[in-house]
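All remarks here apply to the structure that follows.
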């Protein structure tokens, strides 16, 4: 894997992301940490999947 | 790679990547369950930037200021739960095949095993829920399942399990009959998927 090319594409990816995501949703992140933080710290090695109540209700009704 | 001295709880990743993880988590939280009053309140105090994402956040902000957890929860119910079923089915398998629990879910479970990710024991829903997939993406970026995943690994997971349907799902969410608060959330998701697709394309690792 030619290192040089990777560096270049990595840089353009970073520049692109910087423009695209960094500015706006940095704020969104702040909003998200409201109640989510503890949940995600709980189980670092297994997926701390959020209990998606809608799915559970759906599955109950569909008897999966 | 293995010489990293016992890594701190949060492995170091660059700012752009952590912004992506933030965004995935933000969206995942909104899609897993209805927003709490606290979250709505926090959204109401956002300071949106310029551009398409900024204007979607602006709209979300305005709607969040008028919503409360009850109205949000009703909307969430109508969209995703419903009586029998909600207006939308936020599952990869459903979008890709027309049915729940089909081959895409089996493929996802296989890949999760390879990545050594498993769902918690008391969770029974299929893993191909959009909220779960976004949580996995955030986890891969942050290294919640070990080392932060390389961009190539993230891209492969994204291309197999997210890209084929998420954009379509978010477009549906944008225009769903029951979407009010969730309309700009759909817009945000759609725009974010476009950004991700474009950024992974730039990464330039041959597949």
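Chains as they are written, first to last, in my numbering: chain A, 1 to 64; chain B, 1001 to 1207. Ideal Cβ placement from N, Cα and C applies to all residues, glycine included. Predicted model, so just to flag it, every value in this text is computed and none were measured.
Problem - CA-to-CA distance, residue 18 of chain A to residue 1053 of chain B, given in whole angstroms - result: Taking the first residue of the second chain as 1, we reach residue 1053 of chain B at position 53. Taking the first residue of the first chain as 1, we reach residue 18 of chain A at position 18. If you draw a straight line from the Cα of residue 1053 of chain B to the Cα of residue 18 of chain A, it is about 13 Å long.
Exercise for the section: Hey, could you find the ends of the alpha helix (DSSP H) residue 1197 of chain B is sitting in? Expected result: Start at 1 with the first residue of the second chain, and residue 1197 of chain B comes out as number 197. Going by DSSP, residue 1197 of chain B is part of the alpha helix (DSSP H) stretching over 1182-1202.
Handout entry: Element boundaries [alpha helix (DSSP H), containing residue 1092 of chain B]
Key = The sequence position of residue 1092 of chain B within the second chain is 92, counting from 1. That run of the alpha helix (DSSP H) goes 1092-1097.
Exercise for the section: Find the residues of chain A that neighbour residue 1185 of chain B, judging by a C-beta separation of less than 7 Å, and give them in chain order. Expected result: Here residue 1185 of chain B corresponds to residue number 185 of the second chain, with the count starting at 1. Ordered by position in chain A, no residue passes the 7 Å Cβ test against residue 1185 of chain B, which lies about 11 Å from the chain.
Exercise for the section: Going by DSSP, name the residue or residues bridged to residue 1083 of chain B. Expected result: The residue labelled residue 1083 of chain B in the question sits at position 83 within the second chain. Beta-bridge pairing links residue 1083 of chain B to B:1085.
Handout entry: Assigned exposure category for residue 1029 of chain B - 16 Cβ within 10 Å defines buried
Key = The sequence position of residue 1029 of chain B within the second chain is 29, counting from 1. So residue 1029 of chain B counts as buried.
Practice task
Go ahead and pull the three-state DSSP assignment for residue 1066 of chain B.
Solution key: Counted from its first residue, the second chain places residue 1066 of chain B at position 66. Residue 1066 of chain B falls in the helix class under three-state DSSP.
Handout entry: Residue-chain proximity (residue 1141 of chain B, chain A), Cβ-Cβ < 9 Å
Key = Walking along the second chain from the start, residue 1141 of chain B turns up at place 141. Residue 1141 of chain B does not count as touching chain A.
Handout entry: Inter-residue spacing [alpha-carbon to alpha-carbon] between residue 35 of chain A and residue 1133 of chain B
Key = Against the first chain, residue 35 of chain A aligns to sequence position 35. Against the second chain, residue 1133 of chain B aligns to sequence position 133. Annotation note: pLDDT 43 at residue 35 of chain A (below 50); position unreliable, coordinate value reported separately. In this structure, the straight-line span from the alpha carbon of residue 35 of chain A to that of residue 1133 of chain B is close to 19 Å.
Handout entry: Span separating the alpha-carbon of residue 1032 of chain B from that of residue 1065 of chain B
Key = Stepping through the second chain from its first residue, residue 1032 of chain B is reached at position 32. Stepping through the second chain from its first residue, residue 1065 of chain B is reached at position 65. Spanning the two alpha carbons is a distance of roughly 21 Å.
Exercise for the section: Would you mind reading off the limits of the alpha helix (DSSP H) that contains residue 1151 of chain B? Expected result: By 1-based counting over the second chain, the position of residue 1151 of chain B is 151. Counting along the chain, the alpha helix (DSSP H) containing residue 1151 of chain B begins and ends at 1151-1157.
Exercise for the section: Give the secondary structure of residue 1119 of chain B by DSSP, where H, G and I count as helix, E and B as strand, and everything else as coil. Expected result: The residue labelled residue 1119 of chain B in the question sits at position 119 within the second chain. In this structure, residue 1119 of chain B counts as strand in the three-state DSSP scheme.
Handout entry: Chain-order list of residues whose beta-carbon lies under 7 Å from that of residue 1163 of chain B (same chain, five-residue window excluded)
Key = Residue numbering aside, residue 1163 of chain B sits at position 163 when the second chain is read from its first letter. Taken in chain order, the residues that qualify are 1197.
Exercise for the section: Report the neighbours of residue 1157 of chain B on chain A: residues whose CB is nearer than 7 Å to its CB, in chain order. Expected result: Mapped onto the second chain, residue 1157 of chain B falls at position 157. Those do not exist, as residue 1157 of chain B stays about 13 Å from chain A at its closest Cβ, beyond 7 Å.
Handout entry: As assigned by DSSP and simplified to three states, the class of residue 1129 of chain B
Key = Translated into positions along the second chain, residue 1129 of chain B becomes position 129. In this structure, DSSP gives residue 1129 of chain B an extended state, which the three-state scheme calls strand.
Practice task
Kindly indicate the opening and closing residues of the alpha helix (DSSP H) around residue 1029 of chain B.
Solution key: Walking along the second chain from the start, residue 1029 of chain B turns up at place 29. It spans 1015-1032 - the alpha helix (DSSP H) in which residue 1029 of chain B sits, taken as one unbroken run.
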